[in-house]
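Undergrad: Residue numbers (this note's numbering), protein chains in the order written: chain A, 80 to 435; chain B, 80 to 435.
Virtual Cβ for every residue (Gly too), placed ideally from N, Cα, C.
First the structure, which I've put down as structure tokens, then a few questions once you've had a look.
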């Protein structure tokens, strides 16, 4: 196994694309070797800029992603794209068009595209996305675009894994601007009003700017919420540093609200420029470092939880023991709380005893 | 605190609705007292029948829920309703109409309605829904309807917490019947083709029946997927019992595909009858017991994981320690894997040492 991973790494370091695809698959599916790969890539992370692209269905996210990719390629950068699709079980195959649209960039050998589908129920998608982005970062891509195709809370969680997040809206969504949940306004670093040649574009832009103005007093923050873990308690030093930097009143970031007609390529330059300015802002204020430190801590949290759960629920003895308690549980003689406590009181040994 | 919970319980046991609402809020928001409440209610669970109602947006789920509620009330049953709304952050307020529609039953004192919104990212919604349903069960409701309003994987997870699940489809979804993901077919115990006075209803019905026929050979199963935990390994005895019962070839369940025009009240009798027949089937074959045992084990898993995470991430010392490692992590001297392992090697003491 380790020898195999070793050979994979040689090819990976030599920039071979088959090795990249293999490594991404191992990480995405949490197959054996994932810890070796991510552990080894860890010191190399932080070269790439990560851009999130999110928005309601039909807003043109894939088109914007394609435009951004072309612009980055023209500037000489390599681009890795992670498309995340946490779609409804009831509306499966509606996205073929998007994938076809992306074909124009997918043939470029310096562009790597990976689509990730919903996985399980445990909010593992954001974690997996971050890890796949790490592999792309470690491979040496200059730009990583994380596009969320579907709808739902996971969209926000995925977007939070980026350095800068584009929120793409369309005039059709104008009526419901008030219904955009708070989270959307929180994560947006740049707004793009796509299809802005349609009626209602100006009004939508005004509405978004009005909302941005209203929350200006609240200050700018992008705190990744993680599993109910209060990262602020871990991240205090970095956070304080960032807040210090931002106490320079003249250096705050108000998300620009850009107009675009992505199918005609209009607005690309402004989008790229705004992202560059946002990145410069993050670097200048310490926000970039803070975000990256937050990502690292999130990764520790995820790895620790994944291991705990693996050790607990894949242990044959534990399963047998739990199996033997089901009758008592069913009869109401014991409660799930009692059994869980018993289980955990034996868990310390389990964690320590087990090698990996 | 405990005295307060004690008084809450007295009022709860006396059937006071304010106490029910308080208990539900405590459980839904995982506030202190949740363990007392759920632990104490555990022996009372299993009286209520739990019916899940799911389907794509616009299929008429709320109308079906309202009809079911009225039918159950006419039969003399009390009804608790849990509406779960894991909607997109981009399409917030679209569901007011549904809530208004339900007003006809919401004034009935023997009907309790609670709406639950998306919570956090960790797939905690299905667990919370099950726990709120447990409170309703413990309070003495005869029927519990769990309606999922939104879209996404969580819909399926929530539906899995019921004894019987209605999947509501509409002719408009006919074209995309092939795109219904496998999970939808797996969880459906009864299909309802709503708005069946519209064109395409017969075709949709035929399509669904065709799909059901195709998978008949695969046998009928409703295995709750939980967090990647392979429940089959825990649940073996019950499962074997159920499979034995089902080896009686003549006693299998093929989900009926019913027609309804819910806004006109057409089809209610057939839906109620089918649910009764399905419940009788579950009782007869041991499937009901198996489902309820699975729910109990799932609860143990959830409680154990919640506690582990709480102890780990709310421990001041752990946080400080982790805080002190961020610089090394950032510089690449250590990897998140090393830190997670160090963390877990100390976790045994943490679990054992901490009282609660």
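1. Which residues of chain B have a Cβ atom closer than 7 Å to the Cβ of residue 384 of chain A, listed in chain order?
2. Assign residue 137 of chain B to buried or exposed, taking buried as 16 or more other Cβ atoms, counted over all protein chains shown, within 10 Å of its Cβ.
3. Residue 131 of chain B to residue 212 of chain A, Cα distance in whole Å?
4. At which residues does the beta strand (DSSP E) containing residue 243 of chain B begin and terminate?
5. Touching or not, the region 376-389 of chain A and the region 355-374 of chain B, by the rule of three or more beta carbon pairs under 8 Å?
6. Distance, Cα to Cα, residue 275 of chain A vs residue 148 of chain A?
7. Under the assumption that residue 106 of chain A contacts residue 210 of chain A (Cβ atoms under 8 Å), give the Cβ distance between them as a whole number of angstroms.
8. Judging by CA-CA distance, which residue of B:353, B:94, B:81 is the nearest neighbour of residue 110 of chain B?
9. Please check the pair residue 336 of chain B and residue 379 of chain B, which I expect to be a contact at CB under 8 Å, by giving their CB distance rounded to whole angstroms.
10. Please classify residue 241 of chain A as buried or exposed, where buried requires at least 16 neighbouring CB atoms within 10 angstroms.
11. Within the 8 Å Cβ cut-off, does residue 362 of chain A reach chain B?
12. Would you say residue 407 of chain A reaches chain B, if we count a Cβ-Cβ gap shorter than 8 Å as a contact?
13. Are the region 113-129 of chain A and the region 184-198 of chain A touching by the rule of at least three beta carbon pairs closer than 8 Å?
14. Check whether the region 152-159 of chain B touches the region 216-227 of chain B, counting contact only when three or more Cβ pairs, one atom from each stretch, lie closer than 8 Å.
15. Please list the terminal residues of the continuous alpha helix (DSSP H) segment that includes residue 159 of chain A.
16. Counting only beta-carbon atoms, is residue 151 of chain B nearer than 8 Å to chain A?
17. Between the C-alpha atoms of residue 268 of chain A and residue 401 of chain B, what's the straight-line distance to the nearest angstrom?
18. Quick check: what's the CA-CA separation for residue 353 of chain A versus residue 152 of chain B?
19. Assign residue 301 of chain A to buried or exposed, taking buried as 16 or more other Cβ atoms, counted over all protein chains shown, within 10 Å of its Cβ.
20. Around the C-beta of residue 285 of chain B, are 16 or more other C-beta atoms found within 10 angstroms, so that it is buried, or is it exposed?
21. For residue 235 of chain A and residue 377 of chain A, what's the separation of their Cα atoms in angstroms?
22. Do you know how far the Cα of residue 140 of chain A is from the Cα of residue 339 of chain A?
23. By the 7 Å beta-carbon criterion, what residues does the region 412-425 of chain A contribute toward chain B?
24. Which whole-angstrom value is the C-beta distance of residue 245 of chain B and residue 283 of chain B, which I expect to be below 8 Å?
25. Quick check: the Cα distance between residue 208 of chain A and residue 237 of chain A, rounded to an integer number of angstroms?
26. So, are the CB atoms of residue 128 of chain B and residue 88 of chain B less than 8 Å apart?
27. Thinking just about the alpha-carbon of each residue, which of B:90, B:134, B:133 is nearest to the one in residue 116 of chain B?
28. For residue 375 of chain B, go through chain A and note every residue whose CB falls closer than 8 Å to its CB, in chain order.
29. Under the three-state reduction of DSSP, which class applies to residue 132 of chain A: helix, strand or coil?
30. Among A:413, A:422, A:414, A:412, which residue has its Cα nearest to the Cα of residue 398 of chain A?
31. For residue 387 of chain A, which of helix, strand or coil comes out of DSSP?
32. What does residue 118 of chain A touch in chain B if you count any residue whose Cβ is under 9 Å from its own?
33. Identify the contact partners of residue 215 of chain B in chain A, using a Cβ-Cβ distance below 8 Å as the criterion.
34. Closer than 7 Å by C-beta to residue 349 of chain B: which residues in its own chain qualify, once you throw out the five before and the five after it? Chain order, please.
35. Who pairs with residue 97 of chain A in a beta bridge, going by DSSP?
TA: The structure says:
1. 388
2. exposed
3. 37 Å
4. 243-248
5. no
6. 21 Å
7. 5 Å
8. B:81
9. Not really, about 36 Å apart at Cβ, beyond 8 Å.
10. buried
11. no
12. no
13. no
14. yes
15. No alpha helix (DSSP H) holds residue 159 of chain A; the beta strand (DSSP E) holding it covers 158-164.
16. no
17. 29 Å
18. 59 Å
19. Residue confidence is low: residue 301 of chain A scores 40 on pLDDT, short of 50, so the model does not pin down where it sits. Its coordinate-derived value is still stated next. By the neighbour-count rule (16 or more Cβ atoms within 10 Å), residue 301 of chain A is buried.
20. exposed
21. 15 Å
22. 12 Å
23. 414, 415, 416, 418, 419, 422, 423, 424
24. That pair is no contact at about 15 Å.
25. 7 Å
26. no
27. B:90
28. 405, 408, 409, 415
29. strand
30. A:422
31. helix
32. 414, 415, 416, 417
33. Here the premise fails: no neighbours, minimum Cβ distance about 17 Å.
34. 337
35. None; residue 97 of chain A has no bridge partner.
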